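See below for the structure under consideration.
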Amino acid sequence: MDTNRTKALGLSALAIIAVLFIAAVMLTNTLFRGVRLDLTENQLYTLSDGTRAVLGDIDEPINLYYFFSDRATEDLPQWRAYSRRVRETLEEFVAISRGKLNLQVIDPQPFSEEEDEASRFGLPGVPVRGAEDGIFFGLAATNSVDDEEIIPFFDPAKEEFLEYDLARLIYTLDNPEKPVVGLLSSMPLQSGFDPLTNRMREPWAVSTQIQQLFEVRNLEDGLDAIEEEIDVLLVVHPKSLSEQTLYAIDQFVMAGGRAMIFVDPFSQFEQIDTDPNDPTAAMMADRSSNLATLFDAWGIEFSVEQGILDAGAALQVPARSGRGAVSHLGLIGLSGDSLTQQDVVTSGLTSMNFLVAGYFGLAQDSPLELQPLVVSTPESALAPVQRFKVTIDPAELQDGFEPSGERWPIAVRVSGELPSAFAEGAPAAAPVADDLEAAPAVPAHRANSNGPVNLVLVGDVDLLADQLWVRVQRLFGERLLEELASNGAFVINTLDNLTGSSDLIGVRGRASFVRPFQRVEDLRREAALRFRDTEQQLQKELEETESRLTELQSSRTDADNLLILSDEQREEIERFQARKLEIRQELRRVRRELDKDIEQLGTVLKITNIALVPLLIILFAVGSAWFTGRRPKEA
Amino acid sequence: MRNVGIILRRELASYFSTPVAYVFIVIFLMLAGMFTFYFGNFYEGGSATLEAFFFYHPWLYLFLVPAISMRLWAEERKSGSIELLMTLPVTLMDAVLGKFLAAWLFTGIALALTFPIWITVNYLGDPDNGVIFAAYIGSLLMAGGFLAIGTCISAITRNQVIAFIITVVVCFLFLVSGIPLVLEPISAVLPQSLVDTVAGLSLWTHFESIRKGVIDLRDLLYYAFLISAWLVANAIVLDGNKAE
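Protein chains in written order, with this note's numbering: chain W, 445 to 1079; chain U, 306 to 549.
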């Protein structure tokens, strides 16, 4: 074979290899999508089944616009690290959405079109330490009918909910019709006119949150039937409901309807009409609520006679004396194993606050199954509701308190098949006006539940009030909510779960990916402890010297004393000035000492990592060369 | 396969018979450490991850790996020892594979000697060791990719310096085809599918995704294809040389 021919053959073989390589890479990129091993400790790159289900169900394409001020954060590695994490999570979403999600990454630089676009979506430029201008770090998303949802700012403190927030945003866009919640409440949850104060009332935070995610339809006592469109019934503090309404609730549940019901042995936040002639009337008024007619028939036990005292979870309130704080055994903050991790609605919640809660149980012949969601601690006991009515000082609740050792279920999920509480059929209707045609058609009576029912019962109503779980602040006319407990999340989770989108609930709480140098932090803390006294002392001395100096100097400017500054005074001033310098120097030295250990450790580590192993290798090389060089002589 | 083993051992021993191997390892370790601590601000960053360490690996390999690979065939060709090798009862592929594996193992040893940084980060905080393990695997695979390219190019020329330069250029192209600086301008003119193809050929992109702690089958196959393609090309080039 001649050389030219071999060369030509060789070249074509090389070309074929190149083509094969490119084809193979392209093919594997499409064929093996998603076959992978996530070696991260917290499975950071493995989306939960809930998110996968949400992404798998997307019907119409959704556009995601991810805004991050890339250039403006060049010197802010921590923000960049979190932005990378957000971006990777978004890319992960896109990868498993089967082409239904389109992601655009945008860097809105100052005075650019991209910046205008961010503003158009309502994303704010947030000022962060170290950046000259505010940075954009948010997400806007639109669906095929141009509904918009935004996450204004990705807060690193909320990192563990990143996946949930994104999944929820996509779910909301994919299901633009909000689920319908029927609200039957005797509590002032929503905004409205308050006759007591003669002013408009702000809605409770929990109500605002519910309205963001659900369509709320208000129901009034006296209704004949609950509309079919209602996905979940929310009953809050039902007080002396009419038979008709109870029947409507019963039939809603029998028809497979889901409900979340809040009852209470003693509600502090119930509005009681005051009688100026009898001030004790309000105090002794009945502040309880119950659905006894239905509960009794269904085999659910709930006592309005007794409330829970819990020394293991009591929160502190200001003492009546005005000095210090005192434990309020009826005001409890439950966390840890009191909130079951086995149920999607409470898993991942940090804590929930309750005020004089009641407990649930099941009657012996109840056809239902009860799963506690929230239970009191073993250091709890029951107390007659009367005690809460007459007690003015919370400290008194501790008198004679003995923990029962039992954990009382405060919030429960009940499921199972049920008979109707109205075995005889609909109660006799109240006389109705003549216009019978206008009355809605009442569906046929159901004697048994249509499949298993799904109810969530909560033995406290006050947990919904802002005072128990949220701090509301006003900033430039905006209401800012700072959550102190997970009461709101519990309600939203439960409604989410009951309206059927339980996929979302599975997506909660991931461990944080922030991993600080613990040892360096420890060193810093130790040094701060060691030098805190010295530093404070020096700082105090410096302040004293400075104020003494100012005093002396101000006396000098006094017209009378200006010319008659004695030598002693001058010396005094000089002495103070010198002392001031000394203290400042000393202070600087102390501050340097603070970081000394950390810097030393850094130096040792740098040397070890850069030079130690190379040095050992050089020694080894020289040693082995010397050894091999000597060997022949010995031989 | 036995022949591959024999060549591998012979080659590996030859690395350590001269000071060059030691010099290479020392330079690699010192540069890796300096980049991590000074450019990557590993200590000041205060975060218990080895991101700052692995971030510079592609650039370190870009210059150090061609330095290893340049002599693999060029020297044999120049000194004529290649003819001796070809008379031995080994196939061309045995020789190619043996030399490549020896060089890869040698790079692996150099990489393994960076272990103090792994200990350091565990001493300082509580890092995600799964991620670090994955990143080491990714780094080793990337080094393999660079080496495969380098050995093939070393067979093209007798001149080691030329082999070095060409290898750096080719590796550079394979590296930058995945970085945004290159992808953004081409995405303005080419359709997204072609941009993705270009990005999909990049050593960088595939290393990045393993570095996060996720070992994707596509990344593993990419390296397998890349290494195999260049090694087969290497054998073809050597075969062509025989004809000269």
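Heads up, the beta-carbon is just placed ideally off N, CA and C, and yes, glycines get one too.
Quick caveat, the model's predicted, so the values are computed rather than measured.
Minimum C-alpha distance to residue i - residue among the options
i              : options                            : result
P571 (chain W) : W:R702, W:L912, W:F580 and W:F713  : W:F580
V676 (chain W) : W:G700, W:E687 and W:Q911          : W:G700
F798 (chain W) : W:T616, W:A909 and W:R612          : W:A909
T737 (chain W) : W:A839, W:E813, W:G777 and W:P863  : W:P863
V916 (chain W) : W:E927, W:L907 and W:D906          : W:E927
N546 (chain W) : W:R529, W:G578 and W:L499          : W:L499
K404 (chain U) : U:V503, U:R314 and U:I484          : U:R314
V770 (chain W) : W:Q750, W:D781, W:A888 and W:P838  : W:P838
R529 (chain W) : W:L613, W:Q553, W:T490 and W:L567  : W:T490
P816 (chain W) : W:L899, W:A865 and W:L841          : W:L899
T943 (chain W) : W:V858, W:I1027 and W:V625         : W:V625
P896 (chain W) : W:P811, W:L455 and W:Y615          : W:P811
S930 (chain W) : W:Q653, W:D560, W:A825 and W:G1073 : W:Q653
A758 (chain W) : W:S747, W:R764, W:M631 and W:L773  : W:L773
E672 (chain W) : W:G756, W:P623 and W:L464          : W:P623
T784 (chain W) : W:A855, W:S732 and W:V748          : W:A855
V707 (chain W) : W:A729, W:G1046, W:S651 and W:S629 : W:S629
Chain-order list of residues whose beta-carbon lies under 6 Å from that of residue i (same chain, five-residue window excluded)
i               : result
S820 (chain W)  : I752, D754, R851 and W852
A726 (chain W)  : I716 and T718
I1017 (chain W) : L996
M698 (chain W)  : S864, R890 and S893
N642 (chain W)  : none
A407 (chain U)  : L313, E316 and L317
S527 (chain W)  : F512
Same chain, Cβ closer than 7 Å to residue i, neighbours up to 5 away in sequence not counted
i              : result
L584 (chain U) : The structure shown does not extend to residue 584 (chain U), since chain U is modelled only from 306 to 549, so the question has no answer here.
S514 (chain U) : D521 and D524
Bridge-paired residues (DSSP) for residue i
i              : result
P853 (chain W) : W:V819
H772 (chain W) : W:L759
S629 (chain W) : W:V680
L783 (chain W) : W:V818
T586 (chain W) : W:N507 and W:E592
M796 (chain W) : W:L778
P863 (chain W) : W:N892
D708 (chain W) : W:S733
S824 (chain W) : W:D754
F512 (chain W) : W:F581
F746 (chain W) : W:F804
S352 (chain U) : W:P960
is_contact[residue i, chain U] using C-beta, thresh 8 Å
i              : result
Q435 (chain W) : This structure gives no information on residue 435 (chain W), because the portion of chain W shown stretches from 445 to 1079.
Y510 (chain W) : no
E561 (chain W) : no
Q785 (chain W) : no
I461 (chain W) : yes
G543 (chain W) : no
F961 (chain W) : yes
G454 (chain W) : yes
Below-8 Å beta-carbon distance, residue i vs any chain W residue
i              : result
R382 (chain U) : no
V395 (chain U) : no
V436 (chain U) : yes
A318 (chain U) : no
D433 (chain U) : yes
R523 (chain U) : yes
D269 (chain U) : Residue coverage of chain U in this structure runs from 306 to 549, which leaves residue 269 (chain U) outside it and unanswerable.
V537 (chain U) : yes
S352 (chain U) : yes
G518 (chain U) : yes
T456 (chain U) : no
G385 (chain U) : no
Y527 (chain U) : yes
Heavy atom of the ligand NAD within 7 Å of residue i beta-carbon
i              : result
F605 (chain W) : With respect to the ligand NAD, the structure offers nothing, as it holds no ligand at all.
Checklist entry - Taking a cut of 8 Å between CB atoms, which residues from the segment 329-342 of chain U lie near chain W? => result I330, V331, L334, M335, G338, M339, T341 and F342
Checklist entry - Along the segment 466-485 of chain W, what residues have a CB closer than 8 Å to any CB found in chain U? => result I466, A468, V469, M470, T472, N473, F476, R477, V479, R480, L481, D482, L483, T484 and E485
Checklist entry - Listed in chain order, which residues of the segment 1037-1056 of chain W have Cβ atoms closer than 8 Å to some Cβ of chain U? => result G1046, L1049, K1050, T1052, N1053, I1054, A1055 and L1056
Next on the checklist: Against chain U, which members of the segment 749-765 of chain W pass a CB distance test of less than 9 Å?
Outcome noted: none
Checklist entry - Which of the residues in the segment 531-542 of chain W, read from start to end, lie with their CB under 9 Å from any CB of chain U? => result E532
Checklist entry - Using a beta-carbon distance cut-off of less than 7 Å, what residues from the segment 343-372 of chain U approach chain W? => result Y348, G350, G351, S352, A353 and T354
Item to check | Residues in the segment 410-430 of chain U having any Cβ partner in chain W nearer than 7 Å | outcome: L418, P421, I422, T425, Y428, L429 and G430
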